[in-house]
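Comments concern the structure below.
In the numbering used here, the protein residues as written are 333 to 563.
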């Protein structure tokens, strides 16, 4: 699959990316959902800001150990050498490394009314100093109606228009380069029923830059307003 889609990946607009349906089978999604923590679990860190209304896991040395065992096993698989080899072939980025700390990654959950305004991600890992290169997002939402919203939006580098909208359907995987202008998010409040949430797994991949001192170029998450947007 990686060889078959690498040219599509490189040529994708507005920045290199690919959407892979059925990356996880329905049975595999169900296995993860069976142990996915409920929204009221102490597992979650809650964010409620004008630009971010979501739940994720606090990044620290024990983030992985807080995961249910079945989901921890999936994290190991998604950070394994076969996945790194797949990503290298797909993207052309050599020397990819996983993040065992799951810094900013792991499980994500968006409640009704939640959102994530358009942004470009942080570019260096705070614990390892590695350079962030790729995002992998895997969605876990069966029977997700278009009326619920929550599409992942990919915006052009000038923030003039949304170029791609990607529904967060169960088993769907989105992989994309992350850099200073890879603007993405789901900026409209989620309209799902009260008993539903937008569930996903987020994995980030890095490289070593042996000849580069990152200190002058470290960038935190950078949020960008859409045309006419205020917050």
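Heads up, the beta-carbon is just placed ideally off N, CA and C, and yes, glycines get one too.
Proximity of residue i and residue j at Cβ, strictly below 8 Å
i, j, result
"residue 451", "residue 515", "yes"
"residue 423", "residue 335", "no"
"residue 367", "residue 403", "yes"
"residue 419", "residue 537", "yes"
"residue 495", "residue 501", "no"
"residue 434", "residue 373", "no"
"residue 430", "residue 416", "yes"
"residue 356", "residue 470", "yes"
"residue 526", "residue 444", "yes"
"residue 428", "residue 465", "yes"
"residue 476", "residue 512", "no"
The alpha helix (DSSP H) enclosing residue i, as first and last residue numbers
i, result
"residue 408", "401-410"
"residue 337", "334-343"
"residue 359", "358-366"
Buried versus exposed call for residue i [16 or more other C-beta atoms within 10 Å across all chains shown]
i, result
"residue 478", "exposed"
"residue 343", "exposed"
"residue 532", "buried"
"residue 529", "buried"
"residue 388", "buried"
"residue 407", "buried"
"residue 552", "exposed"
"residue 411", "buried"
"residue 405", "exposed"
"residue 506", "buried"
"residue 493", "exposed"
"residue 540", "exposed"
"residue 426", "exposed"
"residue 441", "buried"
"residue 455", "buried"
"residue 557", "exposed"
Integer-rounded CB distance, given that residue j should sit under 8 Å from residue i
i, j, result
"residue 555", "residue 449", "5 Å"
"residue 350", "residue 472", "The Cβ separation is near 19 Å, so there is no contact."
"residue 437", "residue 534", "4 Å"
"residue 518", "residue 560", "Rounded, the Cβ-Cβ distance is 18 Å, inconsistent with contact."
"residue 581", "residue 467", "Because the chain in this structure spans residues 333 to 563, residue 581 falls outside the shown range and cannot be described."
"residue 524", "residue 480", "4 Å"
Cβ-heavy atom distance, residue i to the ligand PLP, below 7 Å
i, result
"residue 365", "No copy of the ligand PLP occurs in the structure displayed, which carries no ligand at all."
Host beta strand (DSSP E) of residue i (start-end)
i, result
"residue 484", "484-487"
"residue 388", "384-388"
"residue 468", "463-471"
"residue 481", "From DSSP, residue 481 is part of no beta strand (DSSP E); its letter is neither H nor E."
"residue 532", "530-539"
"residue 496", "494-498"
"residue 569", "Since the first residue shown for the chain is 333 and the last is 563, residue 569 is missing from the structure and cannot be characterised."
"residue 581", "Because residue 581 is not part of the residues shown, which for the chain are 333 to 563, the question remains open."
"residue 508", "505-509"
"residue 349", "349-352"
- request: Could you pull out every unbroken beta strand (DSSP E) segment of at least 3 residues lying fully inside the segment 404-449, listed in chain order?
  value: Runs of the beta strand (DSSP E) lying entirely within the segment 404-449, each at least 3 residues long, are 438-442 in chain order.
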